[in-house]
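J.: When you number the sequence shown by my numbering, it's gap-free, plus one each residue, and the end is 314.
Cβ coordinates follow ideal geometry from the N, Cα and C atoms, glycine included.
For reference, the structure I am asking about is given below.
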Amino acid sequence: MAGPDYSLKDLRALDALLRDRHVSQAANRLGMSQPAMSMTLKRLRTVFDDPLLIRQGNKHVLTDVARGLHERVQILIREMEGLVDDSGGFDPLRSRRTFTLILTDYIDAILIPSLQQRFRELAPEVRLRIVGPDPFRLARVFGEGSVDLTVSYFPDAPGDLISRRMFSDRMVCLARRGNPALSGDLTLAGFCNLDHVAIEPAEATMYRAVLDESLAKLNLVRRVAISKPDFVGVPFLLERSDLVATMPERLARLFTAKFDLVTFSPPIDLPPLDIQMMWHKSTHLSPAHVWLRDQVIQVCRQQSPGTEAD
């Protein structure tokens, strides 16, 4: 993309068009008028010599050129926002940058509502972008600058990431009220014979490994009826079956508040989950990233005073 009048505004408009695939929605995202966004799209089509968006039925789809541009555009926006913010110190009240966080739905559920509330109060124009975990490309996405931060249970984090412990959680079991497994004393053998739901975010095994590795030390294996990439659908499964799931207690509490489910301790001692905040060493001294990390720390401390963000 070239031209004497090129600006960060152009990149943001292109990003919004590629995200929403709709002129009016992209205009609303950026607070522009629909005619102004239409003119911007017309100019971008000329710059790239490509239509970018093509109507297909009652919606628009991205061209091959547009699909290839999108990730690069997001990286450029982040670099330009960082250049502007860091050159004169980060002013959260005036910044319009986007922070990208890698989170599982477990951390998303317990962290983002409070973090977003802080953003509304302290940085109303700053946006949060949440992406799912990609454990096999973690070092790469941080090195490319396409991600700012992650908060996760990740026992084997890449060496070029800096980490700080945020809080500790423990694994508990969750089942519907009235599940036969809850009647009487549950032996370890009986526990293994239950129908379990196992969670493997993005094919990573860190959550299920907490239980499975502990069982393996005793030469035991549980019966896994369903494997899922996330926690979000688990309570719906549990309410209508005799399945059980083992998950972090903080998330289980959220589910028991909304569903007719109960928690119980597994009949085996499990290691705690030490949840870490991790970031790339290249952003360690960046004022914007220092501010972002401080907001995460403050949220964690508010949720459990005296134990968070050691």
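(1) Could you tell me which uninterrupted beta strand (DSSP E) segments, each at least 3 residues in length, are contained entirely in the region 222-289, listed from first to last along the chain?
(2) Name the DSSP beta bridge partners of residue 120, please?
(3) Write down every uninterrupted run of the beta strand (DSSP E) in the region 123-168 whose length is 3 residues or greater and which is fully enclosed by it, in chain order.
(4) Let's test the definition: count the other Cβ atoms within 10 Å of the Cβ of residue 300 and tell me whether it reaches 16, buried, or not, exposed.
(5) From 106, 51, 192 and 39, pick the residue whose C-alpha is nearest to that of residue 132; which is it?
(6) Restricting to Cα atoms, I'd like to know which of 289, 149 and 190 is closest to residue 84.
(7) For residue 158, I'd like the list of residues in its chain whose CB is within less than 8 Å of its CB, leaving aside the five on either flank, ordered along the chain.
(8) Should residue 104 and residue 155 be called a contact, given that it needs their Cβ atoms to be closer than 8 Å?
(9) Helix or strand or just coil, what does DSSP make of residue 36?
(10) Restricting to Cα atoms, I'd like to know which of 96, 109, 108 and 135 is closest to residue 124.
(11) Is it right to say residue 203 is buried, meaning 16 or more other beta carbons lie within 10 angstroms of its own, or is it exposed?
(12) Check for me: the alpha helix (DSSP H) holding residue 298 runs from which residue to which?
(13) What separation, rounded to the nearest whole angstrom, lies between the Cα atoms of residue 120 and residue 191?
T.: Judging by the given coordinates:
(1) Counting whole runs of 3 or more residues, the region 222-289 contains the beta strand (DSSP E) stretches 227-232, 248-252, 265-268 and 277-284.
(2) The residue given as residue 120 occupies position 116 in the sequence shown. DSSP output for residue 120 lists no bridge partner at all.
(3) Qualifying beta strand (DSSP E) stretches, in chain order: 131-135 and 153-156.
(4) In the sequence shown, residue 300 corresponds to position 296, counting from 1. Burial call: buried.
(5) On the sequence shown, position 128 is the one that residue 132 refers to. The shortest C-alpha separation from residue 132 is found at 106.
(6) Locating residue 84 in the sequence shown gives position 80, where the first residue counts as 1. The candidate whose alpha carbon is nearest that of residue 84 is 149.
(7) Residue 158 sits at position 154 when you count from the first residue of the sequence shown. Once the five neighbours on either side are set aside, the close Cβ partners of residue 158 are 139, 142, 210, 280 and 282.
(8) For the purposes of this step, residue 104 is identified with residue 100 of the sequence shown, where counting begins at 1. For the purposes of this step, residue 155 is identified with residue 151 of the sequence shown, where counting begins at 1. No, Cβ-Cβ distance for residue 104 and residue 155 is not below 8 Å.
(9) To locate residue 36, count along the sequence shown from 1; it is residue 32. Here DSSP, grouped into helix, strand and coil, assigns residue 36 to coil.
(10) Within the sequence shown, the letter at position 120 stands for residue 124. Comparing Cα-Cα distances from residue 124 to each of 96, 109, 108 and 135, the minimum goes to 96.
(11) For the purposes of this step, residue 203 is taken as the residue at position 199 of the sequence shown. Under this definition residue 203 is a buried residue.
(12) Taking the first residue of the sequence shown as position 1, residue 298 is located at position 294. Where residue 298 is concerned, the enclosing alpha helix (DSSP H) starts and stops at 291-307.
(13) On the sequence shown, residue 120 is found 116 positions in, with the first residue counted as 1. On the sequence shown, residue 191 is found 187 positions in, with the first residue counted as 1. So the alpha carbons of these two residues sit roughly 43 Å apart.
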